[in-house]
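In the working numbering, the protein residues as written are 5 to 375.
Note that beta-carbon positions come from the ideal geometry of N, C-alpha and C, so glycine has one too.
As the structure is a computational prediction, the values presented were derived from the model and not from experiment.
Worksheet for the structure shown next.
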Ligand SMILES: Nc1ncnc2c1ncn2[C@@H]1O[C@H](COP(=O)(O)OP(=O)(O)OP(=O)(O)O)[C@@H](O)[C@H]1O
Ligand SMILES: [Mg+2]
């Protein structure tokens, strides 16, 4: 018997294609963001991106052909490369969203880096600064509404520890599991976050946060250079670049010579003292914060905790910071402390931890946000 096309549709079993899921780990940094993604069925990472957290809006009256494809908005490295023609906006400040409109644009850009079909459900674990308040979380939720389907916010230092954890060594007697008992110190651009790891998601009392971080060091160095050499002109960008190349703590003999412009002419200046003073101020600050957090740890856990102090974030790359912190802790009477530094690949650790957390998350833990 011949069926009409309608009855054929009614009689044939409806084959539902299972909805695909993509898991995302995101470190939304003040300075730089890291994005990792993969399928829930495998631990492989299919998408890996590190993008400066910056949006550039085309300046008014820009001529045709100056920006690629006459773009009105560029992101990350593309924006920095063409900064002369753009109004640059950083969506985050101090680790939190400071400009919701550009944060939404940036979030959409991140989404565009994920090559998936429209039917795929995207579940993202997003790192939040230690002690992010409800308003900060709400701003994040709004920024990612319409971008991801489900989100889960987890403190960044915890994700850094999870990212660093070597699961293959968990049974080893001599393996110091960073998630079980450690002190994480994450020195970013906008915030320095310290967090005690005690084997569970950190509580507010396990964390301290401060806005004295990379951007504040730049400001500190810039102010002291201008105090010393009032006639010179120096941008914060140049200060930051100088700091990243020459940062150090506690070595007064280092020389740092840079070219600066004075009344249109370039001259050389030694700014070692100013760079060192900015970095030393950070060292003193993190020592104070570390002391206050160690005092909150369970006394029985302290000896092992002191063996597992980890510096991470861009600020941890300051030359000599780990050794200097360890020395100051010893001078302060702490028994046998051991400070390690995550190293130059720190940037992916939070996102890596976020992706691991996404794999482990139970269905009920995800928050649904409208797409
Ligand atoms: N070698 C270096 N020496 C000193 N500071 C550095 C070095 N490399 C990077 N930084 C600084 O580290 C900061 C960026 O760190 P990071 O990438 O961890 O920040 P973020 O995660 O984007 O910010 P946040 O965590 O505050 O949101 C910047 O201030 C940068 O100048
Ligand atoms: Mg960070």
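Residues near residue 90 in its chain [Cβ-Cβ closer than 7 Å; skip 5 each side]: In the chain shown, counting from the first residue as 1, residue 90 sits at position 86. For residue 90, where only same-chain residues beyond five positions count, the Cβ hits under 7 Å are 60, 61, 62, 63, 78, 83.
What number of angstroms, rounded off, separates the C-alpha of residue 269 from the C-alpha of residue 237? By one-based count along the chain shown, residue 269 stands at place 265. By one-based count along the chain shown, residue 237 stands at place 233. In a straight line, the C-alpha of residue 269 is about 10 Å away from that of residue 237.
In three-state DSSP terms, what is residue 272? On the chain shown, position 268 is the one that residue 272 refers to. Strand.
Around ligand 2, Cβ to any heavy atom closer than 5 Å, ordered along the chain: 33, 192
By the three-class DSSP mapping on this structure, what secondary structure does residue 184 have? On the chain shown, residue 184 is found 180 positions in, with the first residue counted as 1. Residue state, collapsed to three classes: coil.
Could you check if residue 350 is buried or exposed, using at least 16 other CB atoms within 10 Å of its CB as the buried criterion? As a first step, residue 350 must be located in the chain shown, where it is residue number 346. Label assigned to residue 350: buried.
Around the C-beta of residue 307, are 16 or more other C-beta atoms found within 10 angstroms, so that it is buried, or is it exposed? Along the chain shown, read from residue 1 onward, the residue named residue 307 stands at position 303. Exposed: under 16 other Cβ atoms inside 10 Å.
Got a sec: does ligand 1 put a non-hydrogen atom nearer than 7 Å to the Cβ of residue 35? Looking up residue 35 in the chain shown gives position 31. Correct: residue 35 has its Cβ closer than 7 Å to ligand 1.
Following the continuous alpha helix (DSSP H) through residue 246, name the residue where it begins and the one where it ends. Against the chain shown, residue 246 aligns to sequence position 242. First-last of the alpha helix (DSSP H) with residue 246: 240-250.
Flag residue 347 as yes when its Cβ comes closer than 7 Å to any non-hydrogen atom of ligand 1, and as no otherwise. As a working note, residue 347 is residue 343 in the chain shown. Outside the cutoff, so no.
Cβ-based burial, residue 131 [other Cβ within 10 Å; buried from 16]: Reading the chain shown from its first residue, position 127 is the one you call residue 131. With 16 or more other Cβ atoms within 10 Å, it is buried.
In three-state terms, what does DSSP make of residue 38? Numbered from 1 along the chain shown, position 34 holds the residue referred to as residue 38. Residue 38: strand per DSSP, three-state reduction.
In this structure, how does DSSP classify residue 347 when only helix, strand and coil are distinguished? Your numbering for residue 347 matches position 343 in the chain shown. It is coil, neither helix nor strand.
Segment contact flag, the region 228-235 with the region 193-204, C-beta cutoff 8 Å, min 3 pairs: no
Among the residues of its own chain, which have a CB less than 6 Å from the CB of residue 3, if the five just before and after it don't count? There is no way to answer for residue 3, as the model of the chain reaches only from 5 to 375.
Residue nearest to residue 355 in terms of C-alpha spacing, selected from 126, 52, 45, 96: The count along the chain shown starts at 1 and reaches residue 355 at position 351. Comparing Cα positions, the closest option is 52.
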